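Protein chains in written order, with the numbering used here: chain A, 1 to 349; chain B, 1 to 292.
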């Protein structure tokens with residue numbers, strides 16, 4: 001197989017993987033309004049736990065890590081997702097009940113930095129700054145794939161998992177629970193006055209979103225065979241935010257579009273450009289600058305994203321005016337003068 | 001015991017850097033009511049501008065270069081507020097949007113700094129300095145000057161807030177912006193001046209962080225940011241005096257703990273104190289009503 005196809009399938013993998021991550025952050029931020037600036041920390045937990053469960057016992061490998069159970073592929077991935085969810089519950093119990101938005105964002109970004117610092121320095125946990133490597137390939141013993149055939153195969157597996165998770169997520173966002181999420185995002189005081197338990201709902205949202213983060217992270221370590229702290233600097237959270245804001249906050253299909261534009265075209269495609277002599281990393285630096293500027297421009301000129309959130313008509317209230325009033329979020333309000341908010345098709349996804 | 005007093009000395013220096021940076025962050029938060037997540041990068045940029053003036057272009061004395069670097073960031077903060085943050089804050093009522101924009105701004109600035117200066121660790125041009133005994137503490141001349149700057153600035157900020165017209169306007173705006181506006185305070189001008197002060201303090205804090213740590217690079221502000229957050233939250237958000245007290249507490253705690261645990265985790269002590277504060281007294285030690 002030629003190099004070109006190798007690159008293309010790597011891009012396809014990241015397209016689907018960030019689709020999963022973006023759906024996870026979208027249910028937290030886009031649907032429920034929790035500004036989770038520690039998102040990449042949950043991705044890392046999923047990744048490390050998946051990897052450490054797949055690796056054999058650490059004795060004699062030259063690496064230091066916990067677990068080392070040699071579990072087969074889908075089992076370790078699921079447990080990685082569960083670990084991320086479990087950690088999210090602990091974090092939510094400490095922070096969500098007490099803090100308003102920007103306090104919460106400050107505590108979460110601090111959490112992200114501390115997780116990073118501890119993982120980097122505490123070697124017995126996940127091998128410190130070197131990270132985990134030589135993680136066994138999924139299905140290696142069963143299918144006998146070569147390095148070349150593994151990449152398209154695993155891109156397809158990731159696509160299938162992404163499809164499954166998308167079906168689940170669109171059921172969740174369409175359900176009464178999904179409406180409760182959005183009610184809290186739009187006005188938590190009103191939601192509480194209507195008898196919704198704000199804290200429990202936010203807890204559920206954190207739990208679901210972090211499971212998606214853990215699965216997305218687990219797929220990365222299975223795909224690359226290694227994972228170390230440089231892969232999850234706190235700034236990486238911002239890339240996932242850029243994906244959902246460019247794609248369209250509150251719209252699951254938008255997540256795939258955002259992943260295509262931001263993650264595939266802007267972050268990963270330039271990585272294959274030849275590097276500039278004497279300036280290592282210059283392309284990556286400018287890459288990130290472009291993503292940041294694009295995000296600010298999107299927020300200013302098209303805050304609803306490429307694929308806007310669809311207005312859901314509440315039939316008992318009748319008419320789209322009520323839906324607009326009920327859904328009076330900033331994005332819709334900012335878009336209305338430009339005359340684009342009402343243009344999208346109405347009704348359920 | 002000697003190790004303990006040595007760590008107290010380091011703690012007081014860290015407290016000084018933290019006090020300058022936390023007050024800069026708190027002043028701006030009190031007026032605009034949103035957190036600037038790019039604050040750490042303002043600090044790093046201040047340190048780097050000082051570095052350019054001190055080492056590369058003009059070879060000015062470090063203290064003159066420091067003044068230049070701080071004022072440059074003050075001007076930058078005003079410009080960024082005029083062009084980016086101000087318009088976003090006026091257009092969107094929910095704080096989400098501005099917070100994400102400052103988060104994005106942080107990443108843009110960090111990566112521009114990396115693109116210009118690279119990831120190498122740099123050092124200021126300063127004469128070699130010997131430590132001397134001050135009571136039980138062992139400090140260098142530079143550390144003493146850093147502490148002196150911090151104390152002078154804290155007294156200056158206190159005098160400004162209590163006695164000057166500007167300081168009173170700032171306190172009024174921090175309590176209630178609408179009421180301040182209807183009382184005839186030029187809120188736009190106060191906001192601009194506040195951003196200038198906040199940026200200047202950020203640039204200054206970044207440089208003294210570089211001096212006290214002995215090195216600097218574009219990422220040094222990023223990691224320090226959460227220690228500032230810890231100081232500000234422990235002190236009670238929006239409270240200037242709380243920020244000062246939080247800075248002393250967190251600065252001492254991180255450095256003294258380094259004498260007993262692995263120093264690699266000393267900054268994480270700040271996070272532990274932050275979590276304990278949230279569990280026991282979530283609004284901070286010097287809480288102000290309505291700000292949490």
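We treat Cβ as the ideally placed atom computed from N, Cα and C, and that holds for glycine.
Since the structure is predicted, the reported quantities are computational estimates derived from the model, not experimental observations.
| query | result |
| --- | --- |
| May I have the straight-line CA-CA distance separating residue 14 of chain B from residue 205 of chain B, to the nearest angstrom? | 10 Å |
| Just the chain B side, please: which residues come within less than 7 Å of residue 98 of chain A by C-beta, in chain order? | 278, 282 |
| Using a C-beta to C-beta distance shorter than 9 Å, which residues of chain B count as neighbours of residue 109 of chain A? | 37, 103, 225, 226, 229 |
| By Cβ distance, which residues of its chain are closer than 7 Å to residue 231 of chain B, with the 5 residues on each side in sequence left out? | 18, 22, 243, 246, 247, 250 |
| Nearest to residue 240 of chain B by CA position, among B:12, B:269, B:20, B:2, is which residue? | B:20 |
| Here's the rule: buried if 16 or more other CB atoms are within 10 angstroms of the residue's CB, otherwise exposed. What is residue 39 of chain A? | buried |
| Counting beta carbon pairs with one atom in the region 97-112 of chain B and one in the region 192-207 of chain B, are three or more of them shorter than 8 Å? | no |
| Report the CB separation of residue 74 of chain B from residue 196 of chain B in whole angstroms; it is logged as a contact under 8 Å. | 4 Å |
| For residue 18 of chain A, decide whether its Cβ has a neighbour in chain B, counting only Cβ atoms nearer than 8 Å. | no |
| Count Cβ pairs between the region 81-94 of chain A and the region 241-254 of chain A that sit closer than 8 Å; are there 3 or more? | no |
| At least one CB of chain B closer than 8 Å to the CB of residue 21 of chain A: is that the case? | no |
| Can you tell me where the beta strand (DSSP E) with residue 132 of chain B in it begins and where it stops? | 132-134 |
| Quick one: which chain A residues come within Cβ less than 7 Å of residue 107 of chain B? | 235, 238, 288, 292 |
| Residue range of the alpha helix (DSSP H) that residue 278 of chain B falls in? | 266-280 |
| Taking C-beta pairs closer than 7 Å, name the residues in chain A that residue 271 of chain B reaches, listed in chain order. | 110, 114 |
| Quick one: grab the DSSP three-state call for residue 55 of chain A. | coil |
| Applying a beta-carbon distance threshold of less than 7 Å, which residues of chain A neighbour residue 275 of chain B? | 94 |
| Distance cutoff 8 Å, beta carbons only. Does residue 241 of chain A sit that close to anything in chain B? | yes |
| Pick helix, strand or coil for residue 227 of chain A, following the three-state DSSP scheme. | strand |
| Unbroken alpha helix (DSSP H) runs of length 4 or more, entirely within the region 172-245 of chain B: which are they? | 177-182, 187-213, 220-235 |
| Please return the same chain residues whose Cβ sits closer than 7 Å to the Cβ of residue 273 of chain B, not counting the five positions on each side in sequence. | 230, 234, 250, 253 |
| Around the Cβ of residue 252 of chain A, are there at least 16 other Cβ atoms within 10 angstroms (buried) or fewer (exposed)? | buried |
| Which chain A residues are close to residue 294 of chain B, counting only those with a beta carbon under 7 Å from its beta carbon? | The structure shown does not extend to residue 294 of chain B, since chain B is modelled only from 1 through 292, so no value can be given for it. |
| Starting from residue 282 of chain A, trace the alpha helix (DSSP H) both ways and give me its first and last residue. | 282-301 |
| Is DSSP giving residue 96 of chain A helix, strand or coil here? | coil |
| Just to confirm, are residue 6 of chain A and residue 221 of chain A a CB contact at a threshold of 8 Å? | no |
| Under a three-way DSSP split, which group does residue 116 of chain A fall into? | helix |
| Output the distance between the C-alpha atoms of residue 132 of chain A and residue 18 of chain A, rounded to the nearest integer angstrom. | 21 Å |
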